[in-house]
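Chemist: Okay, here's the structure, questions in a sec.
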Amino acid sequence: MIQSQPLVTTAISSHVAATTKRTINDRQFLIMATLAAAMICIAALFVTGEAGKGSGAEMSTIAEHLVSGRGYASPYLPAEQTAPTTVSPPLYVWIMAGVYDLFGIKTFTSRLLMQLFNITIHCCTLVVLFHFCRRSFSSQAARVFAVLYGIHPHL
């Protein structure tokens, strides 16, 4: 009877220690950090009143030229003059032109969709850099990075 009592006590204390000490693994932390970053960015859009407002005027003008059939033209020339440009890499401008073609050129909806696309890219960057930081430094450094990057609403 005396021998079974310490075993029971040890089993109970180890069970209590195991249930009270819950740690979040890196995957769970990354999911929470990514969702928090997205919510912070979306909240910043609406709190600051920037939701649906234009930014990136040069890329927006080039996308407008693509949709209107003037090609990948310079945003600095008047509308009647067209000349090729190297102001911006084409992929983002093509995506923007596709959104403009579907939802209208520089409308509230198209601009809001582009802002949400930017937030998605921001969150994907968080995931990639978290893994890079964890591999290069440590798990704790990656978590610190994720918190700092996540609270900065990069729009």
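If you're matching positions, the sequence shown starts at 549 in this note's numbering and goes up one per residue.
Where a beta carbon is used, it is the ideal one built from N, C-alpha and C, also for glycine.
1. A631 by DSSP, collapsed to three states: which one?
2. Would you check if there are 3 or more beta carbon pairs closer than 8 Å linking the stretch 684 to 700 to the stretch 658 to 665?
3. Let me make sure I understand the geometry here. Which of I643, Q576, T582 has the alpha-carbon closest to that of C672?
4. Hey, how far is the Cα of A592 from the Cα of L639?
5. For M644 and T609, what's the separation of their Cα atoms in angstroms?
6. Please look up how many angstroms separate the CB atoms of I667 and A586, rounded, as I've assumed it's under 8 Å.
7. If L677 sits next to G698, beta carbons under 8 Å apart, how far is it from one beta carbon to the other, in whole angstroms?
8. For V564, which three-state DSSP category applies?
9. What number of angstroms, rounded off, separates the C-alpha of Y620 from the C-alpha of T655?
10. Helix, strand or coil for I572? Go by DSSP, reduced to three states.
11. Please classify M580: is it buried, with 16 or more other beta-carbons within 10 angstroms of its beta-carbon, or exposed?
12. Skipping 5 residues on each side, what residues in its chain have a beta carbon closer than 8 Å to that of V695?
Modeler: According to the structure shown:
1. By one-based count along the sequence shown, residue 631 stands at place 83. Three-state DSSP puts A631 in coil, outside helix and strand.
2. No, the stretch 684 to 700 is not in contact with the stretch 658 to 665.
3. On the sequence shown, residue 672 is found 124 positions in, with the first residue counted as 1. Closest option to C672, Cα to Cα, is T582.
4. Taking the first residue of the sequence shown as 1, we reach residue 592 at position 44. Taking the first residue of the sequence shown as 1, we reach residue 639 at position 91. Looking at the two C-alpha atoms, the distance is approximately 26 Å.
5. Translated into the one-based positions of the sequence shown, residue 644 becomes position 96. Translated into the one-based positions of the sequence shown, residue 609 becomes position 61. Distance from the CA atom of M644 to the CA atom of T609, rounded to whole angstroms, is 10 Å.
6. Translated into the one-based positions of the sequence shown, residue 667 becomes position 119. Translated into the one-based positions of the sequence shown, residue 586 becomes position 38. Indeed, because the Cβ distance is near 6 Å, the residues count as touching under 8 Å.
7. For this step, residue 677 is matched to residue 129 along the sequence shown. For this step, residue 698 is matched to residue 150 along the sequence shown. The beta carbons of L677 and G698 sit about 11 Å from each other, so the pair does not count as a contact at 8 Å.
8. Looking up residue 564 in the sequence shown gives position 16. Because V564 carries a pLDDT of 49, less than 50, the predicted location of this residue cannot be relied on, and no value is offered for it.
9. The residue given as residue 620 occupies position 72 in the sequence shown. The residue given as residue 655 occupies position 107 in the sequence shown. If I take the Cα positions, the gap works out to 20 Å.
10. Within the sequence shown, numbered from 1, the residue matching residue 572 stands at position 24. I572: coil per DSSP, three-state reduction.
11. Sequence index remark: in the sequence shown, residue 580 carries index 32 (1-based). By the Cβ neighbour-count rule, M580 is exposed, with fewer than 16 other Cβ atoms within 10 Å of its own.
12. As a first step, residue 695 must be located in the sequence shown, where it is residue number 147. Residues of the same chain with a CB within less than 8 Å of the CB of V695, apart from the 5 flanking positions on each side, are A581 in chain order.
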